[in-house]
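In the working numbering, the protein residues as written are 4 to 268. Written out below as structure tokens is the structure these notes cover.
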């Protein structure tokens with residue numbers, strides 16, 4: 004009985020404590036706390052950077068908060084980006100800083116300036132919160148720059164290892180690198196480029212991987228844009244529930260015969 008309670012009730016209670024919403028200037032202080040928990044002083048955004056993001060594109064800045072404490076558990080900042088900018092990107096700043104090109108030219112693509120999280124459920128809640136807004140506004144692709152924190156250790160084990168080969172290495176159907184594997188599970192399955200000196204990150208030896216995901220159901224954007232937002236959310240909630248039930252029903256339950264004899268790292 005206790006096992007059933009833990010399995011069914013605890014996750015529900017955890018979800019109820021997470022409140023995703025659009026960010027405001029008043030959130031900067033708690034966002035700075037979140038930045039300091041997950042990024043070094045070189046990597047973290049300061050108050051001026053956060054304020055600029057919020058003023059430039061308030062509809063593309065989201066946070067997930069604990070309903071009990073009000074603390075930020077996750078944040079996601081995005082901006083529109085053109086295909087030309089993606090093609091010419093060499094460093095994080097090339098994608099993250101708003102330019103005249105991206106403002107003047109219409110695009111259906113976004114770049115994730117920053118995804119910061121101290122709670123996996125909060126990061127998932129942000130994406131679930133944003134997808135109906137993305138569909139309503141016609142966004143179809145989202146690009147992210149991901150570190151590859153397993154690369155430094157992999158290179159120590161194999162000094163001749165090529166970074167591009169490492170980024171494309173799979174374990175089964177998913178990327179070997181833990182961060183790329185995480186984003187792959189969120190739908191960011193296409194590697195666009197592997198870039199040296201992309202962003203200061205020791206475990207990645209400053210490399211970054213530009214990845215692309217597609218907004219779920221975005222092929223039907225013309226349909227979604229005609230629907231009232233509340234109706235769109237109800238439809239997406241129903242689709243998500245059906246997908247979750249199907250995923251749970253088809254999830255393999257490993258037995259002794261399914262266990263790998265050994266794993267390579």
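Here a beta-carbon is modelled for each residue, glycine too, at the ideal position from N, C-alpha and C. Computed from a prediction, not measured in an experiment: that's the story for all the values here.
For the alpha helix (DSSP H) containing residue i, name the first residue and the last one.
i, result
"residue 89", "86-91"
"residue 215", "Here residue 215 belongs to no alpha helix (DSSP H); instead the beta strand (DSSP E) covers 211-217."
"residue 188", "181-188"
"residue 131", "123-139"
"residue 158", "154-160"
"residue 2", "In the structure as shown, the chain begins at 4 and stops at 268. Residue 2 is therefore absent and cannot be evaluated."
Suppose you measure from the CA of residue i to the CA of residue j; what does that come to, to the nearest Å?
i, j, result
"residue 215", "residue 147", "6 Å"
"residue 218", "residue 145", "7 Å"
"residue 39", "residue 95", "19 Å"
"residue 34", "residue 63", "15 Å"
"residue 114", "residue 71", "31 Å"
"residue 242", "residue 164", "42 Å"
By the 10 Å Cβ neighbour count, where 16 or more other Cβ atoms means buried, how is residue i classified, buried or exposed?
i, result
"residue 117", "buried"
"residue 153", "buried"
"residue 44", "exposed"
"residue 237", "exposed"
"residue 159", "exposed"
"residue 86", "exposed"
"residue 167", "exposed"
"residue 27", "exposed"
"residue 48", "buried"
Residues in its own chain within less than 6 Å of residue i by CB, not counting five upstream and five downstream?
i, result
"residue 50", "31"
"residue 199", "210"
"residue 92", "98"
"residue 67", "21, 23, 76, 77, 125, 128, 129"
"residue 195", "213, 215"
Is there a Cβ of chain D sitting closer than 8 Å to that of residue i, yes or no?
i, result
"residue 175", "No chain D appears in this structure, which consists of one protein chain only."
May I ask which residues mark the beginning and end of the beta strand (DSSP E) holding residue i?
i, result
"residue 114", "112-120"
"residue 46", "No beta strand (DSSP E) holds residue 46; DSSP gives it neither H nor E."
"residue 225", "Where residue 225 is concerned, there is no enclosing beta strand (DSSP E), although the alpha helix (DSSP H) it sits in stretches over 224-229."
"residue 196", "193-198"
Skipping 5 residues on each side, what residues in its chain have a beta carbon closer than 7 Å to that of residue i?
i, result
"residue 187", "177, 178"
"residue 134", "218, 219, 239"
"residue 249", "Because residue 249 carries a pLDDT of 48, less than 50, the predicted location of this residue cannot be relied on, and the following value inherits that uncertainty. Result list for residue 249: empty, nothing under 7 Å."
Please determine if the stretch 77-95 and the stretch 125-143 are in contact, where contact requires at least 3 C-beta pairs separated by less than 8 Å.
Contact check between the stretch 77-95 and the stretch 125-143: three or more CB pairs, one atom from each, fall below 8 Å, which counts as touching.
Would you call the stretch 226-238 and the stretch 168-177 touching, i.e. three or more CB-CB distances under 8 Å?
Taking 8 Å as the limit for Cβ pairs, the verdict is that the stretch 168-177 does not touch the stretch 226-238.
At least three beta-carbon pairs within less than 8 Å, the stretch 47-63 to the stretch 80-89:
The stretch 47-63 vs the stretch 80-89: in contact.
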